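Asks: Could you have a look at this structure, given as structure tokens, before my questions?
Spelled out as structure tokens, the structure:
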């Protein structure tokens, strides 16, 4: 991906929409202090079971419904149904996975560690540590 260009606000624009096997994402803000994305998950698709070493993120659902599998304090995955207007923070080290119950979209606002993804399970064969 090419180097994002500065916008009038000082944030770098993320370079448009990137297709993913489960839907798409659009990085709308990339700065030294935060990252903003809009993410779309197709109905019935899911992201990797993953965690981040440093990245701290908050999700806000704007369309559709998703199940968020989120590790609790005892290490068990709990499923939370998120619908428009619902938000959830995911702290570093917490295993999590998003599943599109129906086609859904959400904002993800996070600390800026774009490549901080450790995939534990992935139905598309992408297990391991991400560099993209």
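Residue numbers (our numbering): 31 to 162. Glycine included, each C-beta is placed from N, C-alpha and C at the ideal position. Source: prediction; values computed, not measured.
(1) Count the other CB atoms, across all protein chains shown, that sit within 10 Å of the CB of residue 59; report buried if there are 16 or more and exposed otherwise.
(2) Pull the bridge partners of residue 97 from the DSSP assignment, please.
(3) What are the residues that DSSP puts in a beta bridge with residue 76?
(4) Could you check whether the Cβ of residue 147 sits closer than 8 Å to any Cβ belonging to chain C?
(5) In three-state terms, what does DSSP make of residue 47?
(6) Apart from the five residues on each side of it in sequence, which residues of its chain come closer than 8 Å, Cβ to Cβ, to residue 102?
(7) In chain order, what residues of the same chain lie with their CB nearer than 7 Å to the CB of residue 113, ignoring the 5 residues before and after it?
(8) Beta-carbon separation of residue 123 and residue 73 under 8 Å?
(9) Please report the distance separating the alpha-carbon of residue 139 from that of residue 61.
Replies: The structure says:
(1) In the chain shown, counting from the first residue as 1, residue 59 sits at position 29. Buried is the call here.
(2) Here the question's residue 97 lines up with position 67 in the chain shown. For residue 97, which the question treats as bridged, DSSP gives the partners 111 and 129.
(3) By 1-based counting over the chain shown, the position of residue 76 is 46. Checking the DSSP bridge columns, you'll see residue 76 partnered with 129.
(4) Among the chains of the structure shown, chain C does not appear; only one protein chain is present.
(5) Taking the first residue of the chain shown as 1, we reach residue 47 at position 17. Residue state, collapsed to three classes: strand.
(6) Here residue 102 refers to the residue found at position 72 when the chain shown is read from its first residue. Excluding positions up to five away in sequence, the list reads 108.
(7) Taking the chain shown and counting its residues from 1, one reaches residue 113 at position 83. Taken in chain order, the residues that qualify are 91 and 95.
(8) Sequence index remark: in the chain shown, residue 123 carries index 93 (1-based). Sequence index remark: in the chain shown, residue 73 carries index 43 (1-based). Their beta carbons are not under 8 Å apart, which means residue 123 does not touch residue 73 by this criterion.
(9) Taking the chain shown and counting its residues from 1, one reaches residue 139 at position 109. Taking the chain shown and counting its residues from 1, one reaches residue 61 at position 31. Each residue's alpha carbon lies about 11 Å from the other.
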